[in-house]
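*Asks:* Going by the numbering used here, the sequence shown opens with residue 39, and the numbers climb by one from there.
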Amino acid sequence: MRLRPHPLRFPAAALASALLVTAALTTTPTATAAAPTPPTAAAGATANDHCGGHCADILPPGENGNATLSDILLNRMFGTRPAHTDDQLGPYAALASGYPGLTEAKLRDFFNDASFGVPADQVASTTSPRPDVTIVRDKAAGVPHITGTTRYGTEFGAGYAAAQDRLWVMDLFRHVGRGQLSGFAGGAAANRSLEQSFWQAAPYTEAELQQQIDAIAARGGRAAQALTDANAYLDGVNQYAKEAYNARTFPGEYDLTGHIDPITNAGSIEPFRLTDLVALASVVGALFGSGGGNELASAQVKSAAEARYGKDAGDAVWKSLREADDPEAVQTLHDGQTFPYATVPDQPRGEALPDPGSVVPERLVYDATGSANTATTTAAGVLPGNLLTAKHGMSNALLVSGAHTDDGHPVAVFGPQTGYFAPQLLMLEEIQGPGISARGAAFAGLSFYVQLGRGQDYAWSATSAGQDITDSYAVPLCTTDGSPVTTASGSYLWHGQCLPFDRLERKNAWNPTTADSTAAGSYTLVMYRSKYGLVTARGTVGGAPVAFTALRSTYRHEADSIIGFQELNDPGAVHDAASFQQAAQDINYTFNWFYADSRDIAYYNSGTNPVRAAGVDAGLPVLAQPAYEWADFDPATNTARYTPAAQHPQSVDQDYYVSWNNKQANGYTSAAFGNGSVHRGNLLDDRVRALLRNGGKVSRVSLTQAMESAALADLRAEDVLPDLVRVLRSAPVTDQAALTALQQLEAWLADGAQRKETSPGSHTYADATAIRVMDAWWPLVSEGVMRPGLGDQLFTALTGALQINESPSGGQTGPGGGPVSANEGIPHKGSAFQYGWWSYLDKDLRSVLGDQVKGPLARPFCGGGDLAACRTVLLDTLERAAAQTAAQVYPGDADCSAGDQWCADTIVQRPLGGVTDAKTTWQNRPTYQQVVQFPDHR
Numbered sequence: 039m040r041l042r043p044h045p046l047r048f049p050a051a052a053l054a055s056a057l058l059v060t061a062a063l064t065t066t067p068t069a070t071a072a073a074p075t076p077p078t079a080a081a082g083a084t085a086n087d088h089c090g091g092h093c094a095d096i097l098p099p100g101e102n103g104n105a106t107l108s109d110i111l112l113n114r115m116f117g118t119r120p121a122h123t124d125d126q127l128g129p130y131a132a133l134a135s136g137y138p139g140l141t142e143a144k145l146r147d148f149f150n151d152a153s154f155g156v157p158a159d160q161v162a163s164t165t166s167p168r169p170d171v172t173i174v175r176d177k178a179a180g181v182p183h184i185t186g187t188t189r190y191g192t193e194f195g196a197g198y199a200a201a202q203d204r205l206w207v208m209d210l211f212r213h214v215g216r217g218q219l220s221g222f223a224g225g226a227a228a229n230r231s232l233e234q235s236f237w238q239a240a241p242y243t244e245a246e247l248q249q250q251i252d253a254i255a256a257r258g259g260r261a262a263q264a265l266t267d268a269n270a271y272l273d274g275v276n277q278y279a280k281e282a283y284n285a286r287t288f289p290g291e292y293d294l295t296g297h298i299d300p301i302t303n304a305g306s307i308e309p310f311r312l313t314d315l316v317a318l319a320s321v322v323g324a325l326f327g328s329g330g331g332n333e334l335a336s337a338q339v340k341s342a343a344e345a346r347y348g349k350d351a352g353d354a355v356w357k358s359l360r361e362a363d364d365p366e367a368v369q370t371l372h373d374g375q376t377f378p379y380a381t382v383p384d385q386p387r388g389e390a391l392p393d394p395g396s397v398v399p400e401r402l403v404y405d406a407t408g409s410a411n412t413a414t415t416t417a418a419g420v421l422p423g424n425l426l427t428a429k430h431g432m433s434n435a436l437l438v439s440g441a442h443t444d445d446g447h448p449v450a451v452f453g454p455q456t457g458y459f460a461p462q463l464l465m466l467e468e469i470q471g472p473g474i475s476a477r478g479a480a481f482a483g484l485s486f487y488v489q490l491g492r493g494q495d496y497a498w499s500a501t502s503a504g505q506d507i508t509d510s511y512a513v514p515l516c517t518t519d520g521s522p523v524t525t526a527s528g529s530y531l532w533h534g535q536c537l538p539f540d541r542l543e544r545k546n547a548w549n550p551t552t553a554d555s556t557a558a559g560s561y562t563l564v565m566y567r568s569k570y571g572l573v574t575a576r577g578t579v580g581g582a583p584v585a586f587t588a589l590r591s592t593y594r595h596e597a598d599s600i601i602g603f604q605e606l607n608d609p610g611a612v613h614d615a616a617s618f619q620q621a622a623q624d625i626n627y628t629f630n631w632f633y634a635d636s637r638d639i640a641y642y643n644s645g646t647n648p649v650r651a652a653g654v655d656a657g658l659p660v661l662a663q664p665a666y667e668w669a670d671f672d673p674a675t676n677t678a679r680y681t682p683a684a685q686h687p688q689s690v691d692q693d694y695y696v697s698w699n700n701k702q703a704n705g706y707t708s709a710a711f712g713n714g715s716v717h718r719g720n721l722l723d724d725r726v727r728a729l730l731r732n733g734g735k736v737s738r739v740s741l742t743q744a745m746e747s748a749a750l751a752d753l754r755a756e757d758v759l760p761d762l763v764r765v766l767r768s769a770p771v772t773d774q775a776a777l778t779a780l781q782q783l784e785a786w787l788a789d790g791a792q793r794k795e796t797s798p799g800s801h802t803y804a805d806a807t808a809i810r811v812m813d814a815w816w817p818l819v820s821e822g823v824m825r826p827g828l829g830d831q832l833f834t835a836l837t838g839a840l841q842i843n844e845s846p847s848g849g850q851t852g853p854g855g856g857p858v859s860a861n862e863g864i865p866h867k868g869s870a871f872q873y874g875w876w877s878y879l880d881k882d883l884r885s886v887l888g889d890q891v892k893g894p895l896a897r898p899f900c901g902g903g904d905l906a907a908c909r910t911v912l913l914d915t916l917e918r919a920a921a922q923t924a925a926q927v928y929p930g931d932a933d934c935s936a937g938d939q940w941c942a943d944t945i946v947q948r949p950l951g952g953v954t955d956a957k958t959t960w961q962n963r964p965t966y967q968q969v970v971q972f973p974d975h976r
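Right under this line is the structure:
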């Protein structure tokens with residue numbers, strides 16, 4: 039049953055045919071990067087492996103993230119790379135052209151064999167850093183297979199292997215998590231922007247990091263075991279770091295950034311501590327496992343709407359733009375299940391709308407010296423400065439129950455979309471030891487457990503859920519000396535007391551190095567904290583000075599999820615769907631968890647969802663008063679009452695599950711704007727429905743094809759272009775330029791509306807002109823349709839709550855200027871089409887066309903609701919788009935020349951160190967991905 043009727047969606051029958059019928063003959067897969075020799079089956083897999091050779095995975099660019107100084111210099115001079123640095127990049131990239139001819143036998147051309155163990159003839163090396171652990175690396179990909187006879191030895195080996203592959207990345211991110219990147223890696227503007235954003239999200243003193251360790255230790259049981267495991271892991275990390283330093287085989291980035299002298303070897307690699315793991319966990323949580331915090335942007339949209347249309351009408355417009363519980367939104371649970379959470383009240387209590395124009399972001403940088411006063415630098419930095427602040431999508435999942443598969447066993451194709459870096463943020467590993475049996479991916483520095491992967495007879499993965507666990511409070515300011523209260527006051531009211539804010543400081547200083555030429559500089563980062571959370575802005579409410587704060591339920595609990603991950607790795611803890619859901623409950627970050635074994639598929643949404651006071655709207659700032667606090671809120675520990683497990687979206691053996699960071703279930707409100715009638719989750723949902731239509735049976739091959747077909751699709755073209763075409767074709771198109779552009783767009787739509795090369799390695803898109811027109815048209819038509827009705831103030835506010843576009847190139851963003859940088863993009867990141875105004879145009883155009891729309895926008899926008907006037911807007915913007923040159927649409931950057939459309943879209947493995955990798959053709963796909971179908975169970 040389609041939630042959103044759409045007469046001109048892509049032809050489902052043709053899609054089903056294409057995905058279910060596999061070509062008998064196919065061409066050899068090719069890619070920009072060279073493909074490795076296809077891995078062979080793991081004939082020597084251990085007896086506890088129940089996957090029977092039907093588990094596969096991939097994680098580009100490669101397992102080896104360690105390059106010595108000489109390796110880096112050779113890469114720069116001759117393009118050579120250490121073994122296993124990029125050997126998974128070729129197969130990963132080649133799927134874009136190879137998926138139509140995919141067969142069961144050819145899956146191994148594009149994925150690793152993810153069986154347990156390593157056959158004797160596939161062993162590349164064997165290392166035993168202690169007598170009770172062995173690290174075997176395979177020839178195919180260099181993945182470490184860690185086997186221990188004791189728990190300590192197993193975890194020691196995991197740490198040793200992690201340092202072999204990701205020591206530099208681990209060191210980078212423990213500094214990112216502390217807001218100390220510039221002093222470690224250099225003062226480039228991007229490094230400073232990134233450390234500032236993380237200091238804003240998770241500032242802690244060293245004592246507070248240790249308090250989180252102590253709190254876990256006090257829980258005993260599995261928590262105590264987890265800390266024992268983590269300590270053993272760190273012993274392994276530090277042992278390898280010591281050996282590598284003495285042997286001068288450590289990552290060359292330590293030389294290039296001035297931490298170690300390349301001539302004398304003077305310097306050091308700071309030992310890793312448990313508090314580093316908390317800092318690392320805070321990075322993962324901030325990037326992928328949080329939700330909410332958009333209340334100020336939402337409030338400013340609401341205020342602007344009321345100013346434009348009046349109180350009641352404006353409120354209705356705001357609610358319709360917010361799409362908190364849109365009836366047409368694609369959902370992971372589609373059998374009618376309802377899980378109410380953060381329900382929008384009809385008459386909200388305690389809302390604190392800021393006075394128009396009063397909101398000023400909290401100052402963060404103090405005492406800047408030298409290059410700290412420059413906004414741009416020649417040095418690029420090791421990571422995008424807006425890695426955290428720019429909205430980005432993460433992860434997808436497709437699972438089909440055994441009742442609808444080729445052999446009666448469930449099929450899953452799933453993985454996290456964590457961006458593309460060299461080395462990758464994740465690493466592959468297999469860990470076998472007492473109480474641990476798993477293979478998969480883990481974040482560098484946290485790999486004492488596999489975080490996403492497979493166990494003996496089951497596999498699991500996750501997508502970011504983003505439900506609202508962060509609230510904004512309007513905290514009244516005060517003074518203790520009787521002086522007038524202003525927005526600059528340093529104290530606040532808490533239950534009748536005037537208390538000073540906590541001041542959290544991070545002092546950073548840097549000097550130029552070989553890696554980063556930025557001149558010397560320094561500054562102090564300052565965050566103020568109240569019992570109601572971290573201060574993000576100041577302003578007035580009803581004329582009274584307030585601080586706006588962000589209170590996140592996982593703040594001060596960054597490492598609590600360690601127990602859930604431990605359980606997922608323990609074959610004694612997870613043995614069926616129910617025990618999997620129990621393990622997922624012990625993860626406090628906001629994730630959608632998916633599970634498959636030989637019998638069942640299952641789903642559970644994790645996160646510490648606070649119980650809010652009755653009548654509070656979680657999507658707006660709230661007055662900081664006891665009546666509107668979280669239930670049982672204790673600011674000393676940042677704990678509260680949380681919704682019980684039964685109220686979290688969950689399911690076992692639905693016919694299929696899909697997730698691409700879309701809405702979870704009926705009643706489970708979306709924290710951010712943008713979960714409406716068109717979402718990239720539709721790309722997956724439509725394809726899986728097509729596979730199942732008329733009793734179709736799904737295989738590993740056809741589900742992989744469905745995933746990859748969606749990975750190349752342009753969401754705007756597939757789901758909104760049909761609306762645009764209907765409006766344009768409602769009368770004859772007489773302008774030749776507009777007609778030509780329209781015909782090109784229609785031809786692209788008929789071809790499948792994908793962004794794919796004419797042939798592997800051509801570096802030219804099929805339907806290239808239509809794609810260029812669509813890229814140029816989207817921001818123009820979005821503004822042309824919406825701005826006249828919204829007015830300038832509301833239009834600007836709305837761009838601050840939801841970006842207009844998220845194109846593969848990161849460009850064509852359209853006008854911005856809202857209170858947050860929602861319209862900023864990250865180029866070459868792969869992930870695209872999650873955030874945008876797709877639903878607004880889809881709902882509005884269907885309304886203008888006279889279609890039935892569930893959850894329509896509260897007022898017509900395109901042409902004021904008049905079809906002829908709307909058509910004029912579309913024609914005018916289409917003509918302007920068609921007139922733009924390729925160089926205007928794709929202006930070029932450090933990686934691509936102006937006008938190079940294919941290059942603008944390409945995925946770049948962002949170098950975190952000295953070795954770089956080749957660009958690859960665009961795919962909107964998980965970074966780490968599994969393809970699994972278990973034929974057997976314990």
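Where a beta carbon is used, it is the ideal one built from N, C-alpha and C, also for glycine. For clarity, every value in this text was computed on a predicted model and none was experimentally measured.
Comparing alpha-carbon positions, which option in R387, A345, F222 and G901 lies nearest S820?
*Replies:* Answer by Cα proximity: G901.
*Asks:* Check whether the Cβ of G327 sits closer than 6 Å to any heavy atom of the ligand SAM, and report yes or no.
*Replies:* Looking for the ligand SAM in the displayed structure turns up nothing, as the structure carries no ligands at all.
*Asks:* According to the neighbour-count rule (16 or more other Cβ atoms, all chains shown, within 10 Å of its Cβ), is V59 buried or exposed?
*Replies:* Here the model assigns V59 a pLDDT of 37, short of 50, so the residue's position is not dependable and the matter cannot be decided.
*Asks:* When the distance is taken between beta carbons, is A460 closer than 7 Å to Q947?
*Replies:* Cβ distance < 7 Å, so Q947 and A460 count as in contact.
*Asks:* Which of the three DSSP states is assigned to D701 in this structure?
*Replies:* According to the sequence shown, residue 701 is Lys rather than Asp. In the structure shown, K701 sits in a strand (DSSP, three-state: E or B).
*Asks:* By the 10 Å Cβ neighbour count, where 16 or more other Cβ atoms means buried, how is G534 classified, buried or exposed?
*Replies:* Label assigned to G534: exposed.
*Asks:* Does the distance from the C-beta atom of L515 to that of Y530 stay below 7 Å?
*Replies:* It is a contact, given that the beta carbons lie within the stated cut-off.
*Asks:* May I ask which residues mark the beginning and end of the alpha helix (DSSP H) holding N546?
*Replies:* From DSSP, N546 is part of no alpha helix (DSSP H) but of the beta strand (DSSP E) over D540 to W548.
*Asks:* To the nearest angstrom, how far is it from the Cα of A270 to the Cα of N276?
*Replies:* Taking the straight line from one Cα to the other gives about 10 Å.
*Asks:* Between I469 and A196, how many whole angstroms is the CB-CB distance? I'm expecting something under 8 Å.
*Replies:* So it is a contact: roughly 6 Å between Cβ atoms.
*Asks:* Rounded to whole angstroms, what is the Cα-Cα separation between D655 and G874?
*Replies:* Taking the straight line joining both Cα atoms gives about 24 Å.
*Asks:* For W498, which beta-bridge partners are listed by DSSP?
*Replies:* BP columns for W498 point to G491 and Y633.
*Asks:* Taking only the alpha-carbon atoms, compute the straight-line gap between T681 and Y642 and give it to the nearest angstrom.
*Replies:* Approximately 14 Å between the Cα atoms of the pair.
*Asks:* In terms of DSSP beta bridges, what is G471 paired with?
*Replies:* Answer is I474, bridged to G471.
*Asks:* Here's a check: name, in chain order, each residue in its chain whose Cβ is nearer than 8 Å to the Cβ of H975, leaving out the five neighbours to either side.
*Replies:* Cβ neighbours of H975 beyond the five flanking positions: H88, D495, D635, S636 and R637.
*Asks:* Return the first residue and the last residue of the alpha helix (DSSP H) that H213 is part of.
*Replies:* Looking at the DSSP string, the run of the alpha helix (DSSP H) that includes H213 is R189 to G215.
*Asks:* Can you list, in chain order, the residues of its chain with a C-beta nearer than 6 Å to that of P309? Leave out the 5 residues immediately preceding and following it.
*Replies:* If we look at P309 and ignore the five residues flanking it on each side, its Cβ neighbours are N276.
*Asks:* From A512 to S336, what does the alpha carbon distance come to, in whole angstroms?
*Replies:* The straight-line gap from Cα to Cα measures roughly 14 Å.
*Asks:* Using the C-alpha atoms, what's the distance from L436 back to A52?
*Replies:* Legend: pLDDT at A52 = 42, less than 50; position of this residue unreliable, value from coordinates given subsequently. Straight-line Cα distance between these residues: approximately 20 Å.
*Asks:* Where does the unbroken alpha helix (DSSP H) through N284 begin, and where does it stop?
*Replies:* Unbroken alpha helix (DSSP H) run through N284: G259 to A285.
*Asks:* Could you check if S306 is buried or exposed, using at least 16 other CB atoms within 10 Å of its CB as the buried criterion?
*Replies:* Exposed, because fewer than 16 other Cβ atoms sit within 10 Å of the Cβ of S306.
*Asks:* Grab the span of the alpha helix (DSSP H) containing V978 for me, first residue to last.
*Replies:* Given that the chain is displayed from residue 39 to residue 976, the structure contains no residue 978 and the question cannot be resolved.
*Asks:* Which term fits T923, buried or exposed, when burial requires 16 or more other beta carbons within 10 angstroms of its beta carbon?
*Replies:* Looking at its Cβ environment, which holds fewer than 16 other Cβ atoms inside 10 Å, T923 is exposed.
*Asks:* In whole angstroms, give me the CA-to-CA distance for P853 and P817.
*Replies:* Those two C-alpha atoms are separated by around 8 Å.
*Asks:* Mind pulling the alpha helix (DSSP H) runs of 4 or more residues that sit fully within the region 302 to 333?
*Replies:* List check, alpha helix (DSSP H) in window: 312 to 326.
*Asks:* According to DSSP, which residues form a beta bridge with V161?
*Replies:* V161 pairs with D176.
*Asks:* Closest to A450 by C-alpha separation, out of S847, S499 and L463, would be which residue?
*Replies:* For A450, the nearest C-alpha among the options comes from S499.
*Asks:* Between the Cα of G829 and those of D943, T944, N303 and A342, spot the shortest distance and give me the residue it belongs to.
*Replies:* If we check each option's Cα against that of G829, A342 comes out closest.
*Asks:* Is it the case that the Cβ atoms of A413 and T556 are separated by a distance below 7 Å?
*Replies:* No, these two residues do not count as a Cβ contact at 7 Å.
*Asks:* Quick one: complete beta strand (DSSP E) runs, 3+ long, within the region 558 to 643?
*Replies:* Those beta strand (DSSP E) runs which fall completely within the region 558 to 643 and span 3+ residues are 559 to 568, 571 to 579, 582 to 590, 629 to 635 and 639 to 643.
*Asks:* Please report how far the alpha carbon of D882 lies from the alpha carbon of V765, in whole angstroms.
*Replies:* For D882 and V765, the distance between alpha carbons rounds to 11 Å.
*Asks:* Under a Cβ-count criterion, where at least 16 other Cβ atoms within 10 Å of its own Cβ denotes burial, should F194 be classed as buried or exposed?
*Replies:* With 16 or more Cβ atoms within 10 Å of its Cβ, F194 is classed as buried.
*Asks:* Could you say which of Q939, L787, Q961 and I184 lies nearest to P472 if we only look at CA atoms?
*Replies:* Minimum Cα distance to P472 is reached at I184.
*Asks:* So for D405, helix, strand or coil by DSSP?
*Replies:* D405: strand per DSSP, three-state reduction.
*Asks:* Let me know the secondary structure DSSP gives Q688 once reduced to three states.
*Replies:* Residue state, collapsed to three classes: strand.
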